[in-house]
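Notes to accompany the following structure.
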Amino acid sequence: MSRNNVFAGGELDRAAPLRSDEGWVAAHRANPASRYVALWRGFCLISGDDKPRAAYLDRETIERIIPNDAILTLLGLEDDIATFAVDLSYFDDDPSQGALAGLGAFRDLRDFGGLMAGPEASLMAHARGLIYWHQRHRFCGVCGSASHIRDAGHLRRCGNQDCGADHFPRTDPAVIMLVADGDRCLMGRQTEWPEGLYSTLAGFVEPGESLEEAVAREIWEEAGITVRDVRYHSSQPWPFPASLMLGFYATATSTEITLNCDELDDARWFHRDELRNPGDGMRLPRPTSISRRLVDDWLEGVG
5 MSRNNVFAGG ELDRAAPLRS DEGWVAAHRA NPASRYVALW RGFCLISGDD
55 KPRAAYLDRE TIERIIPNDA ILTLLGLEDD IATFAVDLSY FDDDPSQGAL
105 AGLGAFRDLR DFGGLMAGPE ASLMAHARGL IYWHQRHRFC GVCGSASHIR
155 DAGHLRRCGN QDCGADHFPR TDPAVIMLVA DGDRCLMGRQ TEWPEGLYST
205 LAGFVEPGES LEEAVAREIW EEAGITVRDV RYHSSQPWPF PASLMLGFYA
255 TATSTEITLN CDELDDARWF HRDELRNPGD GMRLPRPTSI SRRLVDDWLE
305 GVG
């Protein structure tokens, strides 16, 4: 595609062949030039309002405030300078109001990611996804023993020597698709969404299923619409909490909606003109989302 979706387009060298070298990692941890991005309870430490940026912390600050068992992961290298992510969720209160006062504010990445430079938005998405995975995989899924961080945060290994299972960061594939019927497209909404918000349909890929099959199944299950000509558009890292959104277009072969009320509160066909000029309180998806990209590109005749 002509441009990256928000949260894609990272520029760091992830240094995968070197992460298992504990001496190499320790040397970068000891380097005063290394920098750190911080998260607290899922929020990212950000500086600036109109032009938000990652608030990088230095090694001295990090060593002063983190315990030995803090979750700390390597994100990658730029000109041989390492960037790490650190989880500060052990603080009961917002550390930007205490230990990190004056260095930034913890904010929801969904609210400002689209305002950041692409590589920094990608960096923060990478950090959020890794930290979330560590928070939820402290114990081995095979035997239940405690697991421990390895490979600079890109692996957790079971501490039970009789098990020793390795666990790698997980990303859940989800399809998201714009279904077209000529100058109309299908959009739906869930009950818990803000009033008037409609989005393209989406769902998780199931075991033993191709992406194209997942697209057709989800559209049928949620709206009773059959489709053909399923074609890939683009993808987007979506660490809310841990998905990779795989965007598609599809052409409807039926048009009568049979709503699955367990999945959706409403689903409708919208004409292009309605989406170009939303009225009656209708709201389109966030500009940061691949759903909005699918809609905008369709309106422009792209894809």
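Note that our numbering gives residue 120 to position 116 of the sequence shown, counting from 1, and the numbers run on in steps of one.
We treat Cβ as the ideally placed atom computed from N, Cα and C, and that holds for glycine.
Assignment of beta-bridge partners to S295 by DSSP yields no partner. From the listed residues F208, S126, G122, the smallest Cα separation to R18 is found for S126. Take the alpha-carbon of R142 and the one of W44: they are about 17 Å apart.
In the three-state reduction of the DSSP assignment, D187 falls in the coil class, being assigned neither a helical nor a strand state. When the five nearest sequence neighbours on each side are left out, the beta carbons in the same chain lying within less than 8 Å of the beta carbon of A206 are those of A178, V179, I180, M181, E222, M249, S295, in order along the chain. Scanning its chain for C-beta atoms nearer than 6 Å, with the 5 sequence neighbours on each side dropped, one finds around T77 the residues A89, L134, G157, in chain order. One alpha carbon belongs to Y202, the other to R23, and they sit about 42 Å apart.
Judged by DSSP secondary structure, L159 falls within the beta strand (DSSP E) whose first and last residues are 159 to 162. Beta-bridge analysis with DSSP links E82 to I85. Taking every protein chain shown into account, the CB of E15 has fewer than 16 other CB atoms within 10 angstroms, so this residue is exposed.
Cβ neighbours of Y60 within its own chain (closer than 7 Å, five residues either side excluded): R39, Y40, V41. E304 and M286 have their alpha carbons spaced roughly 20 Å apart.
Q240 has M249 as its beta-bridge partners, per DSSP. Remark: fewer than three beta-carbon pairs, one from each stretch, lie closer than 8 Å, so the stretch 146 to 161 and the stretch 267 to 281 are not flagged as touching.
With fewer than 16 other CB atoms across the displayed protein chains lying within 10 angstroms of its CB, I85 is exposed. Using a Cβ distance threshold of 9 Å, T204 and V183 count as a contacting pair.
For the stretch 96 to 141, the full-length beta strand (DSSP E) segments reaching 3 residues or more read 109 to 111 along the chain. DSSP places A206 in the uninterrupted beta strand (DSSP E) bounded by 205 to 208. Of the candidates I50, D170, L279, D170 places its Cα closest to the Cα of S151.
A check of alpha carbon separations from Q101 across L81, P123, L49, G148 identifies L49 as the nearest. The beta carbon of P291 lies closer than 6 Å to those of G118 in the same chain, with the five residues before and after it left out. For the 9 Å CB-CB criterion, L268 and Q165 do not form a contact. When only Cα atoms are considered, S214 and R235 end up about 12 Å apart.
Bridge pairing for L92: absent [DSSP].
Taking C-alpha positions only, Y136 is separated from R114 by approximately 15 Å. By the Cβ neighbour-count rule, P243 is buried, with 16 or more other Cβ atoms within 10 Å of its own.
In this structure F172 does not touch F110 by the C-beta definition: roughly 28 Å separates them, more than the 8 Å allowed. T257 counts as exposed, since fewer than 16 other C-beta atoms from the protein chains shown sit within 10 angstroms of its C-beta. Per DSSP, the beta-bridge partners of G192 are S203, A271.
Here DSSP, grouped into helix, strand and coil, assigns I261 to coil.
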